[in-house]
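Shown next, in structure tokens, is the structure this report addresses.
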Amino acid sequence: MLAEILQDDKSTFALQASYKSVGKEVKKIENKMAEVRREVNATLVQIQRERDILAQREQQLLLYAAQQNIDIPVKTGQALLESTIVLLTPSEPDIRARQQNIIGHGESAVHAYDIIVQDDDIESDEDRLQAELG
């Protein structure tokens, strides 16, 4: 039966035209698929870039938070020490000069009046305040 159809010139021409038409459609589909693949790859690259930027920002925020966890207690301790000095020496005319006479860091600080404030005292006060607030 196929042999009979192929013998007819009209049928052969129609089959060839159909074959060319299908070939063109296949090429269009292949081109469209290649374009979609390129778009998907570009989107994946962009997503990866954004993910890297977010990871870097997260790291920066974690470092900032860690530094704040160090800075806040240090500044709180300094403020507590300064306020204690001010309260204990209200008649002192040059408090700033006296505050600069504080010697030592870390475990204890000694003022010119021989007042010793231990870090443990500050930490226990902070713990007590946290317990009262919590």
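Reading the sequence shown from the start, the letters are residues 1 to 134 in the numbering used here.
C-beta atoms are modelled at their ideal positions from N, C-alpha and C, and glycine is treated no differently.
Ile70 counts as exposed, since fewer than 16 other beta carbons sit within 10 angstroms of its beta carbon.
The DSSP-derived three-state label of Asp8 is coil. The alpha carbon of Gly77 has as its nearest neighbour, out of Val22, Leu44, Asp127, the alpha carbon of Asp127. If you draw a 10 Å sphere on the C-beta of Ile85, you find 16 or more other C-beta atoms in it, and that means buried.
Rounded to the nearest whole angstrom, the CA to CA distance from Ala55 to Arg37 is 27 Å.
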